[in-house]
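Below is one structure, written out as structure tokens; comments come after it.
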Amino acid sequence: MSNLWTSGSELSSSLFLQRDASNSGQLPTSLWLIGQRYELPDHHFNVQENMLEAQSEDMQQIKQLTEISDSSDQTEPKTRPSPQFSMSLMWPPDFYADFTSRLWMTYRHNYPPIRPSNHTTDIGWGCMLRSGQSLLANALMIHMLGRDWRRTKPEDPSWKEYRKIVHWFLDELSPRAPFSIHRIALLGKQLGKNIGEWFGPSTISQVIQ
Numbered sequence: 001m002s003n004l005w006t007s008g009s010e011l012s013s014s015l016f017l018q019r020d021a022s023n024s025g026q027l028p029t030s031l032w033l034i035g036q037r038y039e040l041p042d043h044h045f046n047v048q049e050n051m052l053e054a055q056s057e058d059m060q061q062i063k064q065l066t067e068i069s070d071s072s073d074q075t076e077p078k079t080r081p082s083p084q085f086s087m088s089l090m091w092p093p094d095f096y097a098d099f100t101s102r103l104w105m106t107y108r109h110n111y112p113p114i115r116p117s118n119h120t121t122d123i124g125w126g127c128m129l130r131s132g133q134s135l136l137a138n139a140l141m142i143h144m145l146g147r148d149w150r151r152t153k154p155e156d157p158s159w160k161e162y163r164k165i166v167h168w169f170l171d172e173l174s175p176r177a178p179f180s181i182h183r184i185a186l187l188g189k190q191l192g193k194n195i196g197e198w199f200g201p202s203t204i205s206q207v208i209q
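Using the UniProt record's numbering, the first residue of the sequence shown is number 1, and each one after it goes up by one.
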């Protein structure tokens, strides 16, 4: 299955933070995500700076331990240390829950070939195709589950609908995946785009339609 959902490690403040016009030159005071505004606490940037520093120390320690482990002749299975850093602590909880509930499609490889080509990856040419998938997937989620739905309770009956939407975007050419990269690439071929050729905004819009 594709990496169809986001993880906290993909969060970047530069993608979401916006300066209010009235506070030009000052630090941003809010976050926006698909039309939803989230207020930032006053201490947000201090917390962010401290957390990033802690993460840097964790990663340095992991690197050192890994180098020591790799240089040894141990025959027992190696266990990699994991950082104690949690990206969720850097963001307002309600924003983080919203962000990690959005569907995110990105490049992938080693899926079944997109026939009649031999392409088993969309790395380097599938950016607009994946952007179109992400746009469509989140529009379907909002339409079917509502803007306030969150991916926090797998036991919730709404997860059945969520899983159905995810399956629609699997990387395969089959009836259960009508919005797969395979189908999009083949529809693009009907519009004059060869499989493996970059789409423009107009092409992906026509394919989605």
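By construction, the Cβ of each residue, glycine as well, lies at the ideal position given by its N, Cα and C atoms.
All values derive from a computational prediction rather than experimental measurement.
Would you please state the rounded distance, in angstroms, between the beta carbons of R130 and T106? I believe it to be under 8 Å. Along the sequence shown, read from residue 1 onward, the residue named residue 130 stands at position 130. Along the sequence shown, read from residue 1 onward, the residue named residue 106 stands at position 106. Sure, about 6 Å apart at Cβ, within 8 Å.
Continuous alpha helix (DSSP H) stretch holding R37: start and end: By 1-based counting over the sequence shown, the position of residue 37 is 37. Counting along the chain, R37 falls outside any alpha helix (DSSP H), though it belongs to the beta strand (DSSP E) covering Q36 to E39.
The alpha helix (DSSP H) that contains L135, what's its start and end? The residue labelled residue 135 in the question sits at position 135 within the sequence shown. Start and end: C127 to L145.
Rounded to a whole number of angstroms, what is the C-alpha to C-alpha distance between E165 and H182? Here residue 165 refers to the residue found at position 165 when the sequence shown is read from its first residue. Here residue 182 refers to the residue found at position 182 when the sequence shown is read from its first residue. Note that residue 165 is Ile in the sequence shown, not Glu. Cα-Cα distance, rounded: 17 Å.
Grouping DSSP H, G and I as helix and E and B as strand, with all else coil, what is L103? Taking the sequence shown and counting its residues from 1, one reaches residue 103 at position 103. Three-state result, L103: strand.
L31 by DSSP, collapsed to three states: which one? The residue given as residue 31 occupies position 31 in the sequence shown. In the three-state reduction of the DSSP assignment, L31 falls in the strand class.
With H, G and I counted as helix, E and B as strand and the rest as coil, what does DSSP make of T121? For this step, residue 121 is matched to residue 121 along the sequence shown. Collapsing the DSSP output to three states places T121 in a strand.
For W168 and P157, the rounded distance between their alpha carbons: As a working mapping, residue 157 is identified with position 157 in the sequence shown. As a working mapping, residue 168 is identified with position 168 in the sequence shown. Roughly 18 Å between the two C-alpha positions.
Here's the rule I'm using: 16 or more other beta-carbon atoms within 10 Å means buried, otherwise exposed. How should K153 be labelled? Taking the sequence shown and counting its residues from 1, one reaches residue 153 at position 153. It is exposed - the Cβ of K153 has fewer than 16 other Cβ atoms within 10 Å.
Quick one: Cα of E155 to Cα of N194, how far? The residue labelled residue 155 in the question sits at position 155 within the sequence shown. The residue labelled residue 194 in the question sits at position 194 within the sequence shown. Cα to Cα, the separation comes out at about 43 Å.
Comparing alpha-carbon positions, which option in E197, V207 and Y38 lies nearest I123? Residue 123 sits at position 123 when you count from the first residue of the sequence shown. Out of E197, V207 and Y38, E197 has the C-alpha closest to the C-alpha of I123.
Rounded Cβ spacing between R150 and A185 (contact assumed at less than 8 Å): Walking along the sequence shown from the start, residue 150 turns up at place 150. Walking along the sequence shown from the start, residue 185 turns up at place 185. Contact doesn't hold; Cβ gap of about 32 Å is too wide.
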